[in-house]
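Scroll down for the structure; my scribbles are underneath it.
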Ligand SMILES: Cc1ncc(COP(=O)(O)O)c(C=O)c1O
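In the working numbering, the protein residues as written are 443 to 848.
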């Protein structure tokens, strides 16, 4: 028996489903997950010594590749001086400045330890500032496992067909209105009908958790206009897109500014981190200045901030994104040519270094069209790739990532 199989058998005795995050379990594609021992550049090695070209890249954070020497050095240096103090540190100031340099819409930013925490806190802030309780989200967008947002959610929830998680009070779920992405008529209808009850509209500006979906031309601009018109806080969840599709995320790429922005993944360069930020007058409602409480023992953790600072510094290098784009496009051209050559009924959605190969005829523009994909066929595709040493997302409704190291 392979070591991964032994370990998974063992893990299931101690850890629910054998994993600490559901999509790792290969449930959507079948089989036993690979236990990974090490990563370097674009590759990972499992405990049986097999090498894979990695397109999951820890689900997005590793835009520089695995074990980038500068990042590792910075983290090791920091570790020598201690790993947590529960006091302010220089790192936090430096990282906050870097975030602000990337996102002009952010005047103040608070660091947390995961994307989930960032979103949860941003929602609380929006509710606290406006005194309103309802929130609007998009079907198939995933914002971490925040109670209010596990309604028609993407990622693992989409993979497992869970419309809304058990354990979420009905009263809370009722405050969430979920609408299709890319449809501004429905958005306007909802905003009009519930004016003065809605605290915020939160979306992934470019959804990555039902697979990659691109905004229709003018969609994000219209979202901005409507949220202003109806006086609703606009939250962009840029946990995936931030520092990925451009240094300044979707806001830079599409020239649309959010009121609040959530970040994570690349921000920590592979260590646990999250952040949310926005205009001063909103952010100053947070404790200790204001009355919206938010806190964290390990928030702004020295190792995570050091890793983030080093990662963002690399990304600021001239031409980083052009080079990543060039590399990614060369790969997409190859994929496109094969799709055409064999007349495959698949649709390649992509932006920058993010892509999803949907096993359905296009266009795939929202959760409904994404769900047309043939997931059984995807599972076969996944296992053929895995056997040939290529590791893509173990679910149809996820994004694959290309790094600088590919
Ligand atoms: C868009 C988006 N928001 C939030 C999250 C939650 O982040 P975390 O898993 O760090 O809690 C994710 C995670 O995949 C995400 O893709």
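No residue lacks a Cβ here, since even glycine has one placed at the ideal position from N, Cα and C.
- Residue 467 and residue 477 have their alpha carbons spaced roughly 11 angstroms apart.
- Using a Cβ distance threshold of 8 angstroms, residue 505 and residue 678 do not count as a contacting pair.
- For the pair residue 582 and residue 539, the Cα-to-Cα distance works out to about 32 angstroms.
- DSSP places residue 704 in the strand class (E or B) of the three-state scheme.
- Under the three-state reduction of DSSP output, residue 583 falls in the coil class, being neither helix nor strand.
- In this structure residue 554 is in contact with residue 738, their Cβ atoms being roughly 6 angstroms apart against a cut-off of 8 angstroms.
- With a cutoff of 8 angstroms on beta-carbon distance, residue 706 and residue 481 are scored as not near each other.
- With respect to the C-alpha of residue 576, the residue from 593, 465, 501, 560 having the closest C-alpha is 593.
- Exposed is the label assigned to residue 529, since fewer than 16 other Cβ atoms lie within 10 Å of its Cβ.
- In terms of CA proximity to residue 472, 819 leads the group 819, 569, 630.
- With 16 or more other Cβ atoms inside 10 Å of its own Cβ, residue 497 counts as buried.
- Under the three-state reduction of DSSP, residue 620 is assigned to strand.
- By the criterion of a C-beta distance shorter than 6 angstroms, residue 672 is surrounded in its chain by 633, 637, once the five residues flanking it on both sides are discounted.
- With a threshold of 7 angstroms, the Cβ atom of residue 558 counts as near ligand 1, since some heavy atom of the ligand is closer than that.
- As computed with DSSP, residue 508 is found in a beta bridge with 483.
- A distance of 8 angstroms or more separates the beta carbons of residue 840 and residue 716.
- Only exposed fits residue 535, as fewer than 16 other CB atoms lie within 10 angstroms of its CB.
- When distances are taken from the beta-carbon of residue 461 to the heavy atoms of ligand 1, even the shortest one reaches 7 angstroms or more.
- Judged by their CB atoms, residue 567 and residue 834 are not nearer to each other than the 8 angstroms cut-off.
- In this structure, residue 597 has its beta carbon less than 7 angstroms from a heavy atom of ligand 1.
- About 7 angstroms separates the Cβ atoms of residue 749 and residue 516, confirming a contact at the 8 angstroms cut-off.
- Collapsing the DSSP output to three states places residue 578 in a strand.
- Within the same chain, Cβ atoms closer than 6 angstroms to the Cβ of residue 444 are found at 490, the five residues on either side in sequence being excluded.
- In this structure, the CA atom of residue 669 is about 31 angstroms from the CA atom of residue 714.
- Of the candidates 690, 642, 656, 656 places its Cα closest to the Cα of residue 805.
- Straight-line measurement puts the Cα of residue 710 at about 7 angstroms from the Cα of residue 503.
- Here residue 626 has 664 as same chain residues with Cβ atoms under 6 angstroms from its own Cβ, once five neighbours each way along the sequence are excluded.
- Note on geometry: alpha-carbon atoms of residue 787 and residue 813 lie some 15 angstroms from one another.
- Secondary structure at residue 592: coil, using DSSP grouped into helix, strand and coil.
- Secondary structure remark: continuous alpha helix (DSSP H) runs of at least 4 residues inside the segment 809 to 838, in chain order: 809 to 812, 817 to 829.
- When only Cα atoms are considered, residue 775 and residue 721 end up about 41 angstroms apart.
- In this chain, the alpha helix (DSSP H) harbouring residue 768 covers 762 to 783.
- Contact annotation, residue 770 with residue 795: C-beta distance approximately 5 angstroms; criterion of less than 8 angstroms satisfied.
- For the pair residue 574 and residue 630, the CB atoms are not nearer than the 8 angstroms cut-off.
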